[in-house]
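Notes follow the structure.
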Amino acid sequence: MQTFRAVLFLTLFYINTAIWTVAVLPFALMGRDVFMKVIRAWVRCTLLLLRLTAGVKVEFRNTGLAPRGALLVASKHQSALETLALMLVFERPVFILKKSLTRIPIFGWYITRMGHIGVDRAAGASALRAMMHEAKEAIAGGSQIIIFPEGTRRAPGAEPDYKPGVIQMYRQLGATCLPVALNTGLFWPRRSLAFRPGVAVIEVLPPLPADLPRAEIIPALIAAIEPPSDRLLVEGRRV
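Here full-length UniProt numbering is used: the first residue of the sequence shown is 1, the next is one more, and so on.
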C-alpha cells in the first residue's frame, strides 16, 4: 500500500511540477524576490501533496534560531525533501548545487534566476574559484548560502562523511554558520519507493562561532549536526 502511495505522490509531483514549470515562466522575468514567492507556493503545494498522498508531514523546529541576513547554512542531507523545504525556512536561500542541473532546459534557467550557484567539481580549481566568487557576492547581498557538507544524500544512520570543501566555505565567506539536523531520509528515502508516513523534522541548531580554527571546523559541524540528527532518527522510527 505504501509503495502505491509513493508512486501516486511521485506521479502527481511530476505532473504538478510540469504545470508549474510553464505557469511560472512570466514570474521568472519579474526579478528574484517575486520569483521566489511563486517558487515557495510550488514548494507548499508539493508538501501538501506529500502529506495527502504519502502521509508525510514536514515539521520545522527552532527556526527562530536563524539570524536574519547573510548566513552559511550547513545541513544534513538524506532526501530530496530538504532541498525543497529549506526554501521555506530562509528568506533568500542560495543552494550550492551540481553545475549540470543548470544546463537542464527551462529548469536550469529557473535555478539561475533563483540565484543558486552551480559548481562543476571536475572542472578544477578555476571552477571552484568562480563558485566562491559567486558565493561571496550572494553573502554580500544578504543571502543564505545552503551547503550539504557530505556532498550528497546519505542513508539515515550512515557514518558521517563531511567533505573538506565546507572548510573553504566557512573560512572564506566569514558568515555565521548555522547547522541543520533532520530525519527526512526515513520518510522520503533516496533512490527508493519505500516512503513511510510520519513526521519529517527539519531542526535549526544554534549557530557555530565564526572564528573556528581550520582543524576544528569539521569536528565542530559533526558534533553539532550528528547527535540531533540521530535523536530525530530515533524519534521518527518510534512512530
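Backbone N, C-alpha and C define an ideal beta-carbon position, used for all residues, glycine too.
All values derive from a computational prediction rather than experimental measurement.
Straight-line measurement puts the Cα of MET1 at about 46 angstroms from the Cα of GLU216. Residues of the same chain with a CB within less than 7 angstroms of the CB of MET87, apart from the 5 flanking positions on each side, are ILE39, ARG40, VAL43, PRO93 in chain order. In chain order, THR184, GLY185, TRP188 place their CB closer than 6 angstroms to the CB of SER79, counting only its own chain and leaving out the 5 sequence neighbours on each side.
With a cut-off of 8 angstroms on Cβ pairs, the region 113 to 121 is not in contact with the region 43 to 61, counting fewer than three such pairs.
Counting along the chain, ARG191 sits inside no beta strand (DSSP E), nor does DSSP assign it H or E at all. Contact between PRO156 and LEU233 holds: CB atoms are separated by about 5 angstroms, below the 8 angstroms threshold.
When DSSP states are grouped into helix, strand and coil, GLU159 belongs to the coil group. The shortest CA-to-CA distance from ALA138 to any of GLU91, ALA70, PRO26, ARG32 is the one to ALA70. Membership of ILE117 in the beta strand (DSSP E) is indicated by the continuous run 117 to 119.
One Cα belongs to GLY174, the other to SER75, and the distance between them is close to 17 angstroms.
In the three-state DSSP reduction, VAL204 falls in the strand class (E or B). For PHE60, the beta-bridge partners assigned by DSSP are ILE202. Cβ-Cβ distances below 8 angstroms link ASP230 to GLY157 in the same chain, with the five nearest sequence neighbours on each side left out; the list follows chain order. Of LEU29, TYR162, VAL199, ARG196, the smallest CA-CA separation from PRO219 is found for TYR162.
When DSSP states are grouped into helix, strand and coil, VAL22 belongs to the helix group. Taking a contact to require three or more Cβ pairs closer than 8 angstroms, the region 142 to 157 and the region 10 to 23 do not qualify as touching.
Proximity to GLY31 across ASN16, VAL73, THR112, LYS98 peaks at THR112, based on C-alpha coordinates. A direct Cα-Cα distance of roughly 24 angstroms separates ARG171 from GLU203. Within 10 angstroms of the beta-carbon of VAL34 lie fewer than 16 other beta-carbons, which makes it exposed.
DSSP places GLN144 in the strand class (E or B) of the three-state scheme. Sorting GLU150, ALA135, GLY151 by C-alpha distance to the C-alpha of GLN144 places ALA135 at the top. Of the candidates LYS99, GLU91, ALA223, the residue whose Cα lies closest to the Cα of PRO160 is ALA223. Contact check for LEU182 and GLU82: beta-carbon distance about 6 angstroms, within the 8 angstroms limit, so the pair qualifies.
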